[in-house]
Amino acid sequence: MSVDMIIKNIGKLITSKDTGRPKTKKEMNQIEITKNAYIAIENGRFIEIGEGNNYNHLVNESTKIEDAQGLLVVPGFIDSHTHLVHGGSRENEFLKKIEGIPYIEILKQGGGILSTVKSTKTASEDELYYKAKQSLDKMLELGVTTVESKSGYGLELDTEIKQLKVANKLDKNHPVDLVHTFLGAHAIPIEYKENHKGFIDIIVNDMMPKIKELGLAEFCDVFCEEGVFSIEETEYILKKSKAMGYKLKIHADEIVSLGGAELAAKLKCTSADHLMAASEAGMKMLAENYTIANLLPGTSFNLNKDYANARKMIELGVPVALSSDYNPGSCPSENLQFAMQLGCLGLKMTPNEVLNAVTINAAYSIDRQDEIGTIEVGKKADLVICNAPNIEYLMYHFGINHVNKVYKNGKLVVDKNL
Ligand code: NIG
Ligand code: FE
C-alpha cells in the first residue's frame, strides 16, 4: 500500500486517545507523547502513525515526504464557541468599559450586542463575508482548523439568515471547517423590552422552523442571563428547538448564577458555555450528564471578571473544553492560543488539560468527535506543527503565535517557513 503523504521527523507527536467519551478528571491531564514519530496521510485522513523511519512500506514515487524538522505536532485546534460573523466593531464602548461601566449596563443602554445588531443589519452579505473571512484567516494562522460560528446579531429572520448564509458559504470556500449555531435568542430587541413573549414567539414560530428548513444551523443556543433570557424562557426555547431537531447549547451562568448549568444538564445540552458564576450543584449535574463545560477565559480577561472554577469542575468530573468566544464585545480577539495561555494562567488548568480542552473535548462540544480532535487512524488529517519543544512551552511563552505549519484535511494550508 502507498499513501499520499508522510510527515516524518516529528520531534514529539502529542495527542489524546479517543475513548468514546469526553475526558474527565485525571484523564483530562493525560496525553500520549510519541518521540521521533511519522504520520501517514491518505485521502485527507490519518492512515498510520509510527516511529522512526518505519514508513518505507507506505511510500511510492508519488508519495510526498514532508519533514517536520524535529518540531512538536499537535491535533488542529478547535474553537468551539465564536460569534464569527458580525458587522462593525465596538471600540466606541472601550472607554466606558475602562471606566468600569458593566457589560450588561452598556447593553441595557442600547449598546453592546444591540449596537452590533444595528451594524450587522446594515452590512451587506459581501461585507459580512469579507470581514468574517479575515477573522477566519487569522484563526487558521493560529492553528485553528474547525470553528463553531453563532448567529445572533440579527434578532429578526432576514439578518439571522444573512449571518448563517455567510458562515455556510465560508464553510464551503475556506479551509477551516465551520459548525453552525442559531442564536436568535441573544438579546431582547428594545421594542420587545416589555414583551419578551412576543419576541420568543417570533424566534420559536418563525425563525427556528425557517432556519431548520433551509438547513443553515445544527445547534440552537440561548443567552440565559439576568435581564436577557430567564431560565424559564431558555427552557421553553430550547425544548421547542430540540423538538425541531436542533442540538442544544446555552450561554449559561456567565455573569449571574441563575441555574444555567443545571438547566443545560437537565435538557441534555451538548455544552454549557461560560459558567463563570456556575453553582457547585450545577457542576455536579453537568458531570453526571457528561455535558461539556465550554470555558472562555478570554472573556473573563477582557471583562475583568472572575475566571470559571475549572479546578472544581475537573475535580467533580465535568468534561471541560475551552474556546475563544471571539465577538466584538466581551472578547474581541480571534486568538485561541492566547485563550489557551489564559486557561493555564487564569483557569489554573495544566498545559495537558488545556490541550485536551481545545482538541478532543472541544470536538465533543460540537459533536465532531468521530472526525477530529485526535491524531488517530481514520480521523481527518488536521494538525499543527509548532515552533515549540514541548506542550508546556506553548502555554508558558504567551502572546505570540507558535505555529510553524498547519495541515487541514491533509493539505498544507499555512507555512511560516516560506
Ligand atoms: O459570549 N454573552 C453573550 N454573548 C457574547 C457576547 C456578545 C457581544 O458582546 O457582542 C458572549 O460573551
Ligand atoms: Fe458567546
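114 is the number of the first residue of the sequence shown in the numbering used here; add one for each residue after it.
Think of the CB as a built atom: it goes at the ideal place given N, C-alpha and C, for glycine as much as any other residue.
Thinking residue i and residue j are a contact (beta carbons under 8 Å), I'd like their distance in whole angstroms, please.
i    : j    : result
C333 : M321 : 7 Å
I219 : G213 : No, I219 and G213 are not in contact; Cβ-Cβ is about 11 Å, not under 8 Å.
G523 : M252 : Actually they do not touch by this definition, with Cβ atoms about 19 Å apart.
M398 : M453 : About 27 Å separates the two Cβ atoms, so there is no contact after all.
D108 : L449 : This structure cannot settle anything about residue 108, because the visible part of the chain is limited to 114 through 531.
Y403 : P188 : The Cβ separation is near 21 Å, so there is no contact.
L283 : L249 : 6 Å
G395 : E367 : Not quite, the Cβ-Cβ distance comes to about 13 Å (not below 8 Å), so this is no contact.
T472 : G486 : 5 Å
I479 : V257 : Actually they do not touch by this definition, with Cβ atoms about 13 Å apart.
A385 : I363 : 5 Å
A400 : V431 : 5 Å
K325 : G358 : 6 Å
V260 : L197 : 6 Å
V317 : I344 : V317 to I344, Cβ: 16 Å. No contact.
I152 : I178 : About 11 Å separates the two Cβ atoms, so there is no contact after all.
Taking residue i as the reference, which of the options has the closest Cα?
i    : options                   : result
V230 : K221, D386 and L268       : L268
K355 : E174, Q482, T383 and L371 : T383
H309 : E326, M453 and G340       : G340
K78  : E261, F190 and H199       : No information on residue 78 is available, as it lies outside the stretch 114 to 531 that the chain covers here.
I498 : A378, E254 and R158       : E254
L361 : E367, K210, G256 and A330 : A330
G411 : E466, H194, A181 and E174 : H194
S443 : S248, I217 and K352       : I217
V519 : E489, L185 and S478       : L185
N537 : N167, G157, E145 and L455 : The structure shown does not extend to residue 537, since the chain is modelled only from 114 to 531, so the question has no answer here.
F190 : L458, F451, L531 and K529 : F451
N281 : E238, L270 and E307       : E238
E466 : Y477, S446, P445 and I504 : I504
A501 : T258, H196, N517 and L429 : N517
Y305 : D271, K325, F342 and T132 : F342
T106 : G183, L171, K209 and T176 : Since the first residue shown for the chain is 114 and the last is 531, residue 106 is missing from the structure and cannot be characterised.
I474 : Q143, Q247 and P445       : Here the sequence assigns Asn to residue 474, which means Ile is not the residue at that position. Ranking Q143, Q247 and P445 by Cα distance to N474 puts Q143 first.
Q247 : K529, E348 and Y439       : Y439
G373 : T347, K353 and A300       : T347
G201 : A150, K234, A153 and K177 : K234
D271 : D319, E307, E240 and I301 : D319
I154 : K521, K529 and V527       : K521
H510 : L458, D483 and A476       : L458
Y477 : T132, V116, I120 and G124 : T132
I303 : Q222, P441 and S446       : Q222
S115 : V335, E307 and N156       : N156
Comparing the C-beta of residue i with each C-beta of chain D, is any distance below 8 Å?
i    : result
H515 : In the structure shown, chain D cannot be found, because there is only a single protein chain.
Could you tell me which residues DSSP puts in a beta bridge with residue i?
i    : result
M118 : I154 and K177
I485 : The partner list for I485 (beta bridge, DSSP) is empty, contrary to what the question assumes.
C480 : In the sequence as displayed, the identity of residue 480 is Asp instead of Cys. Answer is none; D480 lacks a bridge partner.
M147 : Residue 147 is actually Thr in this sequence, not Met. In the DSSP output, where bridge partners are listed per residue, T147 has L126.
G385 : Rather than Gly, the amino acid found at residue 385 in this sequence is Ala. A385 pairs with I363 and A406.
G163 : Y151
A298 : V335
R521 : According to the sequence displayed, residue 521 carries Lys and not Arg. Its beta-bridge partners are K524.
L185 : K125 and C499
K493 : R158
F511 : Paired residues: none, contrary to the question.
F190 : V257
V516 : C499
Report whether the distance from the Cβ of residue i to the nearest heavy atom of ligand 4 is below 7 Å.
i    : result
H293 : With respect to ligand 4, the structure offers nothing, as its ligand set consists of ligand 1 and ligand 2.
Taking only runs that begin and end inside the region 338 to 374, name each unbroken alpha helix (DSSP H) of 4 or more residues, in chain order.
Counting only runs that start and end inside the region 338 to 374, the alpha helix (DSSP H) elements of at least 4 residues fall at 344 to 356.
Taking one C-beta from the region 275 to 287 and one from the region 312 to 321 each time, how about it: are there three or more such pairs within less than 8 Å?
no
If we count Cβ pairs, one from each stretch, closer than 8 Å, do we get three or more for the region 202 to 209 versus the region 279 to 299?
no
Please determine if the region 424 to 441 and the region 453 to 466 are in contact, where contact requires at least 3 C-beta pairs separated by less than 8 Å.
They touch, by the three-pair rule.
Could I get the ranges of all uninterrupted alpha helix (DSSP H) runs contained in the region 226 to 293, with 4 residues as the minimum, in chain order?
226 to 235, 238 to 254 and 270 to 286
Sufficient close CB pairs (3 or more, under 8 Å) joining the region 121 to 131 to the region 151 to 166:
yes
Examine the Cβ distances between the region 384 to 399 and the region 407 to 422 and report whether three or more of them are shorter than 8 Å.
yes
Specify whether the region 482 to 499 and the region 216 to 234 touch according to this definition: at least 3 beta carbon pairs, one from each stretch, less than 8 Å apart.
Cβ pair count under 8 Å is below three, so no.
Can you find at least 3 beta carbon pairs, one from the region 259 to 268 and one from the region 290 to 299, that sit closer than 8 Å?
yes
What are the complete alpha helix (DSSP H) segments, minimum 4 residues, inside the region 420 to 472?
Secondary structure within the region 420 to 472: the alpha helix (DSSP H) runs of 4 or more consecutive residues, fully enclosed, are 423 to 429, 449 to 458 and 464 to 471 (chain order).
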